[in-house]
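Per the working numbering: the sequence shown = residues 779 to 1058.
Encoded as structure tokens, the structure appears first; notes follow it.
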Amino acid sequence: MPQCPHQVAVENAWNPNDRSLNIFVKEDDCLTLHRQPVAQSTDCIRVPEATRAACTCGRFTGLASSVAHTLWLAWPPLTVLCIASSLVGSNPDSWGWDLGRNRALHDGRRTPYPATMCAPTWSSGAVSSSEENFPVPDSFLLVLDMDEGTLSFVVEGQFMGIAFRGLKGRVLYPSVSAVWGHCEITLRYLNGLEPEPLPLMVLCRSVIRKHFQRRAAAAAAAAAAAASRHGNSAPSNGPSNAGSTQAQLLPEINKLPLPNSIKDYLLYRTPCSDGAGSMQ
779 MPQCPHQVAV ENAWNPNDRS LNIFVKEDDC LTLHRQPVAQ STDCIRVPEA TRAACTCGRF
839 TGLASSVAHT LWLAWPPLTV LCIASSLVGS NPDSWGWDLG RNRALHDGRR TPYPATMCAP
899 TWSSGAVSSS EENFPVPDSF LLVLDMDEGT LSFVVEGQFM GIAFRGLKGR VLYPSVSAVW
959 GHCEITLRYL NGLEPEPLPL MVLCRSVIRK HFQRRAAAAA AAAAAAASRH GNSAPSNGPS
1019 NAGSTQAQLL PEINKLPLPN SIKDYLLYRT PCSDGAGSMQ
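Structural data, given as structure tokens:
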């Protein structure tokens, strides 16, 4: 989905009035928190407003180096300081991802996440369910689907699978708990879809974009197979992301016998009149 304006991201960033005293929001970057070097404590902060969109997406940066836990938190209010233990996922009202041990946490229970079937491609070698320390990149996406009641993560364009279910109807806040001194964690709210049917024009855009994405993927697979038959290594296009998707779609959509205004709409160059976005 297209990114929201910066001001909207600021309104959905960390809440300086709902935090541990060991954490502060940076004055020159209100999307980023900084944790003071205080030993034997775990500190937490969350956003000011609960998410109410049907589908919400946000990017976290700095978590891997901070050994922090990410979650969407249900009411009642969150404890913001705990001595020598984890906050997120320690009670029935929070759900977290322990990035240091690759575990999904809820109500004190720990489950391996991601599962072996969707183990990330950036890990060295095969990842078994007992392997806890494959590296998680510094930046990833959190996706909350309130229609389905699920919480998932996307890393370097790869879907990690559903981490939690049963969240439908809850009042949820994105939060983090952190233990490392001087760590900095950025939350960039990307966008959300309202709980209502999408307009026909948005659905049409999604279908057209997916058609060209599938065609581009098939062409890339054919090129890789041809290169393999000739003993050559196919060039890598890197991880999938919004920028590479846009670059793949640009020449294909420009070939369509359509007015430029429609081409711009298909490429997200012009906003939808009703403000609705579309999953790519």
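We treat Cβ as the ideally placed atom computed from N, Cα and C, and that holds for glycine.
Bear in mind that the values here come from a model prediction, so they are computed numbers and not experimental data.
Backbone CA spacing between residue i and residue j [nearest angstrom]
| i | j | result |
| --- | --- | --- |
| Thr-928 | Ala-1002 | 35 Å |
| Pro-977 | Asn-880 | 39 Å |
| Ile-963 | Leu-919 | 13 Å |
| Asn-793 | Pro-870 | 23 Å |
| Phe-990 | Asp-807 | 38 Å |
| Leu-945 | Ile-986 | 32 Å |
| Leu-809 | Arg-943 | 28 Å |
| Val-957 | Pro-783 | 31 Å |
| Leu-877 | Ala-1004 | 39 Å |
| Glu-926 | Phe-937 | 16 Å |
| Asp-916 | Leu-965 | 12 Å |
| Thr-829 | Val-803 | 20 Å |
Segment limits, alpha helix (DSSP H) that includes residue i
| i | result |
| --- | --- |
| Ser-953 | That residue, Ser-953, is in no alpha helix (DSSP H); its beta strand (DSSP E) goes 950 to 956. |
| Arg-987 | 978 to 1007 |
| His-784 | 784 to 789 |
| Ser-1039 | 1038 to 1044 |
Contacting residues, own chain, Cβ-Cβ under 6 Å from residue i (five flanking each side not counted)
| i | result |
| --- | --- |
| Ile-801 | Leu-811, Arg-813, Asp-821 and Ile-823 |
| Gly-903 | Summary for Gly-903: the model assigns pLDDT 39, below 50, so the residue's position carries little reliability; its value from the coordinates is reported in the next sentence. Cβ neighbours of Gly-903 beyond the five flanking positions: none. |
| Glu-827 | none |
| Arg-888 | Arg-881 |
Residues near residue i in its chain [Cβ-Cβ closer than 7 Å; skip 5 each side]
| i | result |
| --- | --- |
| Tyr-891 | Trp-875, Asn-880, Arg-881, Ala-882 and Ala-941 |
| Ser-863 | Note that Ser-863 scores 45 on pLDDT, short of 50, meaning its location in the model is unreliable; the coordinates nonetheless yield the value given after this. Excluding residues within five positions, the ones whose Cβ falls inside 7 Å are Thr-820. |
| Gly-939 | Pro-892, Ala-893, Cys-896 and Ser-930 |
| Leu-1034 | Lys-1041 |
Nearest-angstrom Cβ-Cβ length linking residue i and residue j, presumed shorter than 8 Å
| i | j | result |
| --- | --- | --- |
| Ala-831 | Glu-972 | 6 Å |
| Asn-795 | Tyr-967 | Incorrect: roughly 18 Å between the Cβ atoms, too far for contact. |
| Pro-780 | Asn-969 | 6 Å |
| Val-932 | Val-921 | 6 Å |
| Gln-1024 | Ala-994 | Their Cβ separation, rounded to whole angstroms, is 11 Å, which puts Gln-1024 and Ala-994 out of contact at 8 Å. |
| Leu-1044 | Arg-983 | 6 Å |
| Cys-833 | Met-924 | 7 Å |
The beta strand (DSSP E) enclosing residue i, as first and last residue numbers
| i | result |
| --- | --- |
| Asp-821 | 820 to 824 |
| Ala-831 | Run containing Ala-831: none; DSSP gives neither H nor E here. |
| Arg-966 | 962 to 971 |
| Val-890 | Looking at the sequence shown, residue 890 is not Val but Pro. Counting along the chain, the beta strand (DSSP E) containing Pro-890 begins and ends at 887 to 890. |
Chain-order list of residues whose beta-carbon lies under 8 Å from that of residue i (same chain, five-residue window excluded)
| i | result |
| --- | --- |
| Val-788 | Cys-808 and Leu-809 |
| Thr-1048 | Ser-1039 and Asp-1042 |
| Leu-1028 | Leu-1045 |
* **At least three beta-carbon pairs within less than 8 Å, the region 826 to 840 to the region 938 to 957** => yes
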